[in-house]
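A.B. asks:
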Amino acid sequence: MLAPEVPMSHSLAGEPPSAGRRAAPLTTAVYSAAEWDLLTTLPGRVLVAAASPGPGRPPRDVAAGLAGLDAVAAGRAFDSDLVRAVVAAIYARHDGTSTPVDRLTDLVDLLAACRAAARILDRRADPADSAAYRQWVQSVAARVCRAGPTGGPVTISLSPAPADQRFLDRLGGALGLR
7 MLAPEVPMSH SLAGEPPSAG RRAAPLTTAV YSAAEWDLLT TLPGRVLVAA
57 ASPGPGRPPR DVAAGLAGLD AVAAGRAFDS DLVRAVVAAI YARHDGTSTP
107 VDRLTDLVDL LAACRAAARI LDRRADPADS AAYRQWVQSV AARVCRAGPT
157 GGPVTISLSP APADQRFLDR LGGALGLR
């Protein structure tokens, strides 16, 4: 079975391409099916982990999950062909496949997946696309962590709780952002 080719690039001007036009690719990277699966499932796994209670982390409500979904969808407007392609692949998935829930929320496994994605991006992606993807995935978790905890009005905090900040720091380290 041949791996799907997924062209990736970052626009030269740092601006999103005009509507209906695609930016000229600077670099084309080809991801194996397993690599592409990792890159397209990681944002959802991060959302689930960020929304799950952990040591010192409060349980989250639906609003936090929606904040994470909104952050995933925001990738459609990123100035990165990679991020936009990942979001398109996430929304195009309709085959009923999913990752088992127990693997979605295991922090050790999630951090290992983030490190694996960072290695893939280092090898295959344009540096700007790589940075945009890593920052976008981190932003998904940050939006969930900034949403108010369960049981109260929906609030968005500018700074996450200390336990959430530790989670975000570990995630950022695994993504190679720190």
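Numbering (our numbering), first residue to last: 7 to 184.
Virtual Cβ for every residue (Gly too), placed ideally from N, Cα, C.
Rounded to whole angstroms, what is the Cα-Cα separation between Ala153 and Pro61?
C.D. replies: If you number the sequence shown from 1, residue 153 lands on position 147. If you number the sequence shown from 1, residue 61 lands on position 55. Distance between the alpha carbons of Ala153 and Pro61: 17 Å.
A.B. asks: Starting from the Cα of Ala147, find the closest Cα among Ser86, Leu88, Asp85 and Arg66 and give me that residue.
C.D. replies: By one-based count along the sequence shown, residue 147 stands at place 141. Closest by alpha carbon: Arg66.
A.B. asks: Which residues bound the alpha helix (DSSP H) around Ser136?
C.D. replies: Stepping through the sequence shown from its first residue, residue 136 is reached at position 130. Where Ser136 is concerned, the enclosing alpha helix (DSSP H) stretches over Pro133 to Arg152.
A.B. asks: Distance, Cα to Cα, Ser165 vs Ala95?
C.D. replies: Residue mapping note: residue 165 aligns to position 159 of the sequence shown, counting from 1. Residue mapping note: residue 95 aligns to position 89 of the sequence shown, counting from 1. Their backbone Cα atoms lie some 31 Å apart in a straight line.
A.B. asks: Would you check if the distance between the CB atom of Val143 and the CB atom of Val52 is smaller than 8 Å?
C.D. replies: To locate residue 143, count along the sequence shown from 1; it is residue 137. To locate residue 52, count along the sequence shown from 1; it is residue 46. Closer than 8 Å, so yes.
A.B. asks: Secondary structure at Arg184, three-state DSSP: helix, strand or coil?
C.D. replies: Counting from 1 along the sequence shown, the entry for residue 184 is found at position 178. In this structure, Arg184 counts as coil in the three-state DSSP scheme.
A.B. asks: Can you give, in chain order, each stretch of the alpha helix (DSSP H) that sits fully within the segment 33-92 and has at least 4 residues?
C.D. replies: Runs of the alpha helix (DSSP H) inside the segment 33-92: 39-57 and 68-80.
A.B. asks: By Cβ distance below 6 Å, which residues in the same chain neighbour Ala70 in space, the five residues on each side in sequence not counted?
C.D. replies: Counted from its first residue, the sequence shown places residue 70 at position 64. Same-chain partners within the cutoff: Ala57, Val150 and Ala153.
A.B. asks: If you follow the alpha helix (DSSP H) that Arg99 is part of, which residue opens it and which one closes it?
C.D. replies: Along the sequence shown, one-based indexing puts residue 99 at 93. Counting along the chain, Arg99 falls outside any alpha helix (DSSP H), and DSSP gives it neither H nor E.
A.B. asks: Could you give the residue range of the alpha helix (DSSP H) that holds Asp128?
C.D. replies: As a working note, residue 128 is residue 122 in the sequence shown. Per DSSP, Asp128 belongs to the alpha helix (DSSP H) from Leu113 to Arg130.
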